[in-house]
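**Student:** Chains as they are written, first to last, in the working numbering: chain A, 1 to 428; chain B, 1001 to 1188; chain C, 2001 to 2310; chain D, 3001 to 3101; chain E, 4001 to 4118. Built from N, CA and C at the ideal position, the CB exists for glycine as well. A quick note: this is a predicted structure, and the numbers were derived from the prediction, not measured. Handing you this structure, nothing more for now.
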Amino acid sequence: MTSVFHRMAAAADAPVFALAGAGMRWAVQDLLLADGITLVDSPRAASILLVAGELGPRLGEAAARVHDALPHPRATVLWASAPDGLAGAGAERIGPDADPVAATRAVFRDLVLGGRPSEPALLPDVDPATWRGVGPYGQGGSGMTGGTPYGRPMAELGPDRDGLRLDVLPTRLGPFFAPLPAGLELDLRVSGDVVVEARVTGSEVGTSEAAGGSAFVRALTQPQSIADLEMARARAHLRWAAEALRLQGLRAISLRALELARTIAPGDSAAVGRFATAVQRTGVYRWSLPNVDDRRRSLLADARLGPVSRACGGVDDERLADPAYIALGFAPITDVGDGVAAVWRARFGEASQSVDLASRAGSAVTTVTGTTESPRGRIALGDAPTARALEFVPALVEGLEWGDALATIAALDLDLDEMAALAGVTAA
Amino acid sequence: MTGALIDLSFAAFSLVAIVAGVRVFRTDSMVRAAFYLLASFAATGGIMVLLGAEFLGMVLILMMAGEMLVMAIVMVMYMMNPAGLNPMVMVHQPRTAVVAGVIAFLAIAGVGLSGEVPSRPAPDPAAATAELGRELLGNSMLVFQTAGVTLLATMVGAIAIAAPRGRHGDAAEGSEEPGLQPDEEASA
Amino acid sequence: MSPLLEVIAAAAAVAGLLAVGALALAIGDGVAGAVVAGRPIRVLPLLTAPVARAMLAARTGSTTTERPDGAGRAVAPALLAGLAALAMVLLPLGPGVALADPDTGFVVYSAAVAFVMIAVFLHGWSPNSTLPLHGAYRFGAVALSFQIPFLLAMLATALPAQSLSIVRIVEAQAGLWNVVREPLGLPIYLVVGLAVGFWGPLNLPDGDDLAGGTSAEDAGWARWLWQVARLSMLVAVAALGAAAFLGGYFGPILPGPLWVALKTGLLLAVMAGAQHLLARVRIERFVGVAWVLLVPLALLNVFVSGAFLL
Amino acid sequence: MTTEAVLVVGAALFGIGVFGALSQQSFVMLMMGIELMINGSLLVLVAMWARAAGGSPDGQMLAIVFMTVMAVEMSLGFALITGVYRVRRADITEKLRKLKG
Amino acid sequence: MTDLGPLAVAFSVMVAALLAVLASWLRTARNARATAPERVPFTGGRPPSAHAWSRYHARYYPMALLFLAFDMEMVFMYPWAVVFVSEGIVAMVEMGMFIAILLLGVLYAWRERAFDWT
């Protein structure tokens, strides 16, 4: 009887919490389109922990903590990965060329049918209550908010813009918080649902070798085919759209973006246009995305963050410095409206333009090396737009509501892989 | 519903109302306190339904859901240690309070039990809602409209007192003590 | 039959209705998602997935957090399921046929909807974890805003019935459905219904920007139960919306209960579409619209439909 | 379910409310005591309406006025708590700042 | 079924659901006790630096206060709706007045920007 139920359970889509290591961000994203597994946002909802690629040394402990957050029965699949923190898990290892979906399904099936034991916790079972107070039950302090009940301190009062001095809750997000790119860690202080202070405490995903290099990074050192470069740009924008749409609750249209990124061909700018119209019809510009006030706009306008800067009134685009692009009649897309919605419009416009350029470029190659316009803005040896954007994150999100803050960060299209790869180029 | 079932329901509702009422003051968690109070109100609403005051009972339950949610939210906002993570004693003069509570109970219960309660049951509880409606529009029209004005005054007053900002500027304005030097005021 | 058996039989019937409705909504949601994503509709997996998910949930253990409010975590999903049942009991399936027809059925339904905010708040509050807590407080703002438009939209349907009984409200639509008599009522009701089930564009407490919000810390059975309870609530909202605005069991040729099912299905289809076609609304935007637009519109709806009755 | 029994329950709720209102230190808990007192009175009132007053509509009217009073009390009570909290805290921080500078 | 029927049905469904949750917990408790790292609330892989339960700044409190007062209007509107057809124009005018008075409150709140908080 039990086995009948277990077989039915094994037929379910395997709920997977994926940790995207260096260079594997898009490979993990492609799993959204796979049949038979579901990517979930919280490890509590998952049965399988999928670790894709190498994780930097700082992330081992966090990966282990995520592992321990999964309910029993649980299993780990290491896909082209050998992170230190998960060494004791008894995990399934598969190579970079293996099919992660089939492997995950097999492990999941084994696990549910009882053929594979549930993995024990990795981190030592040490109670965080290192100090116990003097309260009558031993867990409290002497005052009402003093002490560290159950091993954690309580939030402390802080001033607030509306004059009520209430608790400001310190919140550590990441490195594996689904709405942020894997590896990004934020320390927020939130008062109610408003972020009053933000700090970036980690932006490492792996080594530069593991992060690999995109066509844009290669274009720094040697000429690249403009057609390839522009198609890569369009795909990057569509993949970004898939992430950003998911954050706004539009999962189905997000899959459409991924599918489009996979199938888009040079010259098919009409497909991008149709997609952009579908996005517009969801009302996302009207009621879902926050405004960007003038202070933030002026911060971003001259930061050379590609579509972000151009949506905030900037005009810079490295492609303007390349005669090959000028010969194609290239002019950057500016003046696209207001707020975060403008960044979305700018990216869709640029994706459409890139597809169009790719069809007209023929065999033209770039003629300028040293700096390039990546989908995220100006890149150069050792100078990544993501690194510049991270410096703005605190100023951008302070004072915003939680959802608005995350939508604003998503609009920046932070790419830690590109950042790591560019850091590697300087070293070399 | 049969008599025995009514008695049973009444006993259950009474138990919930009283036990939850006591728990309100015996729990460390503010959210629990508010929801215990809600349980007490809901059980009281149940007793009212048993008494035949179906509309009043259900409306009490409906209204209290919203009010207790606000209560929980406000309590958590302003109370130190709102979830009771540190055990605490937040009472003063407990003995006096207990004595006063018991005296109040005995006095009212005594009056209720000793006095002769006339037996004139409501003739048709089913028509009570319509009767209340006619009462609102007829005899008690003034009470009804007064309630409207009272609620308006409450809304305006509550927002004027509580709102952080408004057309007249920040609420904190003017709550600062005047500075000792005139220039200090200007720089602040 | 003894009253106890009667209650248990009724509870089983209601649970069955809700289960069928929730299953239909889950499948419809899957179909709508596939259509919008432009992906093939795989019929068999869509049909079996809900059962398989339930079995997996039963197979999966639960998790806990540091010092949670244990009672709250257990009660919240059960409360939400119970509220869906409470609303469903009132649904008229034919002339004078409902599992229960209290004179104040409408107030009972309103109370059920009002308690949804307690259930969701408790669910987010009790794990003592940041993301669920934010979800809980968000729902506080949403719930306090949708409450009054919801009550007013429904209230207009009580005017022609001259009663608060849901059975009477349906009976009063014998000649003319309320959706015609008061055209503003159903749209307002649907917007609010999405908020009651925190679904689609109004999925603020369990939204993706909170990695699951109030259910971010739920695992296994408890998680599944919360999701089923939420689907059930949506089914109850759709069923009673069909009764209050679309004439319930009235309709030509087909038998009454089938009409109820069809009209409920129609409203559920609208909800399933909204889930995939509309972006999540910023919370402040919703609160502002609810108070400044929906409340006056709902009042206008009450008075205009009243004026037609005079 | 005799009328007397309902009165005793109402009295018990009122008694608990008195205890709460007298013993609690914080404003909000004090308000909870008052709410419970109103709860008890409301129950007694409804019992009288249903059993002893012949279903006079005045009784119901009084009951909903009670509920309105409860709402007004809570709304204004919370507003006052907010106002007091705001001013008191603002005062303290203000003094701290002056001491420092 | 009587007036309390719905409550009884809802209550029995609730009890059933509650038992289901508790049964699942009991099963887990029997199998293994959660270790300290397994109990850590999830925010992305780092342990939180403070308890989530705190004095939460619910910035919509002016709206909540408005709700407390405005919600009362429903108590008056329910009985009014029942007698509306029989009382006719009187009912219309009196409730119109009442609602107009209350809407002034919403208008005031809107002017005071009680619905904006971020």
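Using a Cβ cut-off of 9 Å (strictly closer), state whether C/D2209 contacts chain A.
**Tutor:** Yes, its Cβ sits closer than 9 Å to a Cβ of chain A.
**Student:** Between the C-alpha atoms of D/A3053 and B/R1120, what's the straight-line distance to the nearest angstrom?
**Tutor:** Straight-line Cα distance between these residues: approximately 6 Å.
**Student:** Can you tell me which residues form a DSSP beta bridge with A/E185?
**Tutor:** DSSP lists A/G202 as partners of A/E185.
**Student:** On the CB-based measure, 16 or more other CB atoms within 10 Å of its CB, does D/L3099 come out buried or exposed?
**Tutor:** At D/L3099 the pLDDT is 42, less than 50, meaning the model places this residue with poor confidence and gives no usable figure here.
**Student:** Under a CB-based cut-off of 9 Å, is B/D1007 close to chain D?
**Tutor:** By this cut-off, B/D1007 is an interface position.
**Student:** Could you run through the region 1007–1034 of chain B and flag, in chain order, every residue whose CB is less than 8 Å away from some CB of chain C?
**Tutor:** Residues passing the 8 Å Cβ filter: S1029, V1031 and R1032.
**Student:** Could you work out which residues of chain A lie near C/R2059, taking near to mean beta carbons separated by less than 7 Å?
**Tutor:** Within chain A, the residues near C/R2059 are H6, A9 and V112.
**Student:** When DSSP labels each residue in this structure, what does C/P2296 get in the three-state scheme?
**Tutor:** Here C/P2296 sits in helix by DSSP.
**Student:** In terms of alpha-carbon separation, which member of E/W4080, E/A4008, E/S4024 and E/V4106 lies closest to E/M4095?
**Tutor:** Of the candidates E/W4080, E/A4008, E/S4024 and E/V4106, the one whose C-alpha sits nearest the C-alpha of E/M4095 is E/W4080.
**Student:** So for D/Q3024, helix, strand or coil by DSSP?
**Tutor:** In this structure, D/Q3024 counts as strand in the three-state DSSP scheme.
**Student:** Quick check on E/E4094 - is its C-beta less than 9 Å from some C-beta in chain C?
**Tutor:** Chain C, which has no Cβ nearer than 9 Å to the Cβ of E/E4094, makes this no.
**Student:** Note down, in chain order, every chain F residue with its Cβ under 8 Å from the Cβ of E/D4071.
**Tutor:** As a matter of chain content, chain F is missing from the structure shown, whose protein chains are A, B, C, D and E.
**Student:** Under 8 Å, with one C-beta from each stretch per pair, do the region 2070–2086 of chain C and the region 2217–2237 of chain C reach the 3-pair mark?
**Tutor:** The answer is yes - the region 2217–2237 of chain C touches the region 2070–2086 of chain C, with three or more Cβ pairs under 8 Å.
**Student:** Quick one: what's A/A14 bridged to in DSSP?
**Tutor:** Note: A/A14 sits in a beta bridge opposite A/I37.
**Student:** Is DSSP giving E/D4071 helix, strand or coil here?
**Tutor:** Three-state DSSP puts E/D4071 in a helix.
**Student:** Opposite A/A52 in the DSSP bridges: which residues?
**Tutor:** Looking at the DSSP assignment, A/A52 forms a beta bridge with A/A20 and A/W79.
**Student:** Would you verify that the beta carbon of E/P4079 is, or is not, closer than 9 Å to some beta carbon of chain B?
**Tutor:** Yes, E/P4079 counts as interfacial toward chain B.
**Student:** Would you identify the three-state DSSP class for D/T3093, choosing helix, strand or coil?
**Tutor:** With a pLDDT of 36 at D/T3093, under the threshold of 50, the modelled position of that residue is not reliable, and the figure given next carries that caveat. Looking at D/T3093 - three-state DSSP - the assignment turns out to be helix.
**Student:** Counting contacts by CB-CB distance shorter than 9 Å, is D/R3051 in contact with chain A?
**Tutor:** Taking Cβ atoms only, chain A never reaches closer than 9 Å to D/R3051, which makes this a no.
**Student:** How is B/S1140 classed by DSSP in three states: helix, strand or coil?
**Tutor:** Coil.
**Student:** Taking the beta carbon of A/R105 as the centre, do at least 16 other beta carbons fall within 10 Å, making it buried, or is it exposed?
**Tutor:** That one is buried.
**Student:** Should B/L1069 be flagged as near chain A, meaning a C-beta pair shorter than 9 Å?
**Tutor:** Judged by the 9 Å Cβ criterion, B/L1069 is not in contact with chain A.
**Student:** Does B/P1094 get closer than 9 Å to chain A when you measure Cβ to Cβ?
**Tutor:** So, not an interface residue.
**Student:** With a threshold of 9 Å between beta carbons, is A/G138 in contact with chain C?
**Tutor:** In this prediction, A/G138 has a pLDDT of 49, which is less than 50 and means its spatial position is unreliable; what the coordinates show is noted afterwards. Chain C, which has no Cβ nearer than 9 Å to the Cβ of A/G138, makes this no.
**Student:** Rounded to the nearest angstrom, what separates A/R152 and E/G4045 at their Cα positions?
**Tutor:** So the two alpha carbons sit approximately 16 Å from each other.
**Student:** Comparing the C-beta of E/L4102 with each C-beta of chain D, is any distance below 9 Å?
**Tutor:** Not closer than 9 Å to any Cβ of chain D, the Cβ of E/L4102 fails to qualify, so no.
**Student:** Of the choices A/M8, A/L422 and A/R65, whose alpha-carbon is the least far from that of A/V217?
**Tutor:** Minimum Cα distance to A/V217 is reached at A/L422.
**Student:** Looking at chain B, which residues of the region 4031–4059 of chain E have a Cβ within less than 8 Å of any of its Cβ atoms?
**Tutor:** Listed by position along the chain: H4051, W4053, S4054, R4055, Y4056, H4057 and A4058.
**Student:** Check whether the region 8–20 of chain A and the region 33–51 of chain A touch, using three or more Cβ-Cβ pairs below 8 Å as the test.
**Tutor:** Taking 8 Å as the limit for Cβ pairs, the verdict is that the region 33–51 of chain A does touch the region 8–20 of chain A.
**Student:** Look at A/A71 and C/G2135 and say whether their C-beta atoms are less than 9 Å apart.
**Tutor:** Checking the sequence shown, residue 71 of chain A turns out to be Pro, not Ala. The answer is no: Cβ separation not under 9 Å.
**Student:** Which first and last residues belong to the alpha helix (DSSP H) in which C/V2048 is found?
**Tutor:** It should be noted that the sequence gives Thr, not Val, for residue 2048 of chain C. That run of the alpha helix (DSSP H) goes V2043 to R2059.
**Student:** Given that C/M2271 touches chain B, what residues does it touch there, using C-beta distances under 7 Å?
**Tutor:** Neighbours of C/M2271 on chain B: none; closest Cβ ~23 Å, over 7 Å.
**Student:** In terms of DSSP beta bridges, what is A/T372 paired with?
**Tutor:** Looking at the DSSP assignment, A/T372 forms a beta bridge with A/I379.
**Student:** Using C-beta distances below 7 Å, list every residue in its chain close to C/L2194, excluding the 5 sequence neighbours before and after it, in chain order.
**Tutor:** Excluding sequence neighbours, C/L2194 sits near G2200, P2201, L2202, M2271 and A2274.
**Student:** Taking Cβ positions only, does A/H67 come closer than 9 Å to chain C?
**Tutor:** Chain C contact via Cβ: absent.
**Student:** Would you report the Cα separation of C/L2091 and A/I264, rounded to the nearest angstrom?
**Tutor:** Going by the C-alpha atoms only, they are around 50 Å apart.
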